[in-house]
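Asker: Numbering (full-length UniProt numbering), first residue to last: 1 to 161.
From the three backbone atoms N, C-alpha and C, an ideal C-beta is built for every residue, glycine too.
It should be emphasised that the depicted structure is a prediction, and the values quoted were computed from it without experimental measurement.
Have a look at this one.
Written out as structure tokens, the structure reads:
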């Protein structure tokens with residue numbers, strides 16, 4: 001894969017990368033940093049991509065690892081990293097209930113949130129999510145199912161309040 005092909009493939013999945021980082025990281029600047037670093041690492045390690053048909057899943061795995069690394073580095077500075085995060089989560093023209101949905105998704109444990117996001121929001125097949133997360137297909141299906149249940153319960157509780 002040459003630089004032009006790499007750029008084309010990245011442009012095709014750039015929004016999915018950003019959306020995934022947005023669900024894992026507390027602020028927009030961290031998301032942008034994680035995506036940029038993941039793209040840099042992907043280009044540097046392009047020779048490790050065995051199946052070019054799985055480029056998007058391979059790149060997503062690099063991004064997820066980068067997000068986790070960034071969270072670990074920032075854990076010691078959690079207070080300062082979260083300053084202003086609430087403003088970052090607001091979408092000006094978001095439909096009613098979008099903030100509640102976003103908050104409920106963020107409240108889910110990562111093991112449920114990530115498969116749910118990758119499969120339902122980003123449209124990855126279960127088999128690709130399983131590869132990205134290094135889980136069995138059955139585990140991914142269960143986590144998506146359980147994540148939906150937990151999300152539904154959280155949103156119903158929000159409505160009652």
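Identify whether residue 51 lies in helix, strand or coil by the three-state DSSP scheme.
Answerer: Here the question's residue 51 lines up with position 51 in the chain shown. Of the three classes helix, strand and coil, the one that applies to residue 51 here is coil, per DSSP.
Asker: Going along the chain, which residues of its own chain have a beta-carbon closer than 6 Å to the beta-carbon of residue 24, five neighbours each way excluded?
Answerer: Working through the chain shown from its first residue, we reach residue 24 at position 24. Correct list, in chain order: 67.
Asker: Distance check for residue 114 and residue 107, CA to CA, integer angstroms please.
Answerer: As a working note, residue 107 is residue 107 in the chain shown. As a working note, residue 114 is residue 114 in the chain shown. Taking the CA atoms as reference points, residue 107 sits about 12 Å from residue 114.
Asker: Counting along the chain, where does the alpha helix (DSSP H) carrying residue 114 start and finish?
Answerer: Numbered from 1 along the chain shown, position 114 holds the residue referred to as residue 114. It spans 110–116 - the alpha helix (DSSP H) in which residue 114 sits, taken as one unbroken run.
Asker: Between the C-alpha atoms of residue 73 and residue 26, what's the straight-line distance to the nearest angstrom?
Answerer: Taking the first residue of the chain shown as position 1, residue 73 is located at position 73. Taking the first residue of the chain shown as position 1, residue 26 is located at position 26. Taking the straight line from one Cα to the other gives about 13 Å.
Asker: Who are the near neighbours of residue 42 in its chain, counting only those whose CB is closer than 7 Å to its CB and skipping five residues on each side?
Answerer: Counted from its first residue, the chain shown places residue 42 at position 42. Excluding sequence neighbours, residue 42 sits near 59 and 62.
Asker: Of the residues 6, 143, 112 and 103, which one's Cα is nearest the Cα of residue 56?
Answerer: For the purposes of this step, residue 56 is taken as the residue at position 56 of the chain shown. Of 6, 143, 112 and 103, the residue nearest in Cα terms is 6.
Asker: Who are the Cβ neighbours of residue 131 in its own chain at under 8 Å, not counting the five residues just before and after it?
Answerer: Position 131 of the chain shown holds residue 131. Within the same chain, residue 131 has close Cβ partners 54, 57 and 61.
Asker: Between residue 124 and residue 133, is the Cβ-Cβ spacing less than 8 Å?
Answerer: On the chain shown, position 124 is the one that residue 124 refers to. On the chain shown, position 133 is the one that residue 133 refers to. Contact: no.
Asker: Mind checking residue 82: buried by the 16 CB within 10 Å criterion, or exposed?
Answerer: As a working note, residue 82 is residue 82 in the chain shown. Low confidence applies to residue 82: its pLDDT is 44, below 50, so where it sits in the model is not reliable, and the reading given next is rough at best. That one is exposed.
Asker: Using alpha carbons as the reference points, say which of 33, 47, 22 and 13 lies closest to residue 2.
Answerer: Mapped onto the chain shown, residue 2 falls at position 2. With distances taken between Cα atoms, residue 2 lies closest to 47.
Asker: For residue 127, is the classification buried or exposed, using 16 other Cβ atoms within 10 angstroms of its Cβ as the cut-off for buried?
Answerer: As a first step, residue 127 is located in the chain shown; it is residue number 127 there, counting from the start. Its Cβ having fewer than 16 others within 10 Å, residue 127 is exposed.
Asker: Starting from residue 6, trace the alpha helix (DSSP H) both ways and give me its first and last residue.
Answerer: The residue given as residue 6 occupies position 6 in the chain shown. 3–24 is the extent of the alpha helix (DSSP H) around residue 6.
Asker: Ordered along the chain, which non-local residues of its own chain (more than five positions away) have a Cβ less than 7 Å from that of residue 39?
Answerer: Here residue 39 refers to the residue found at position 39 of the chain shown. For residue 39, the CB contacts under 7 Å within the same chain, skipping 5 residues up- and downstream, are 10 in chain order.
Asker: If you drop the 5 nearest sequence neighbours on each side, which residues of the same chain put their C-beta closer than 7 Å to that of residue 111?
Answerer: Mapped onto the chain shown, residue 111 falls at position 111. Hits under 7 Å: 143.
Asker: Do residue 33 and residue 70 count as a contact pair if the criterion is CB distance below 8 Å?
Answerer: As a first step, residue 70 must be located in the chain shown, where it is residue number 70. As a first step, residue 33 must be located in the chain shown, where it is residue number 33. Yes. Within cutoff.
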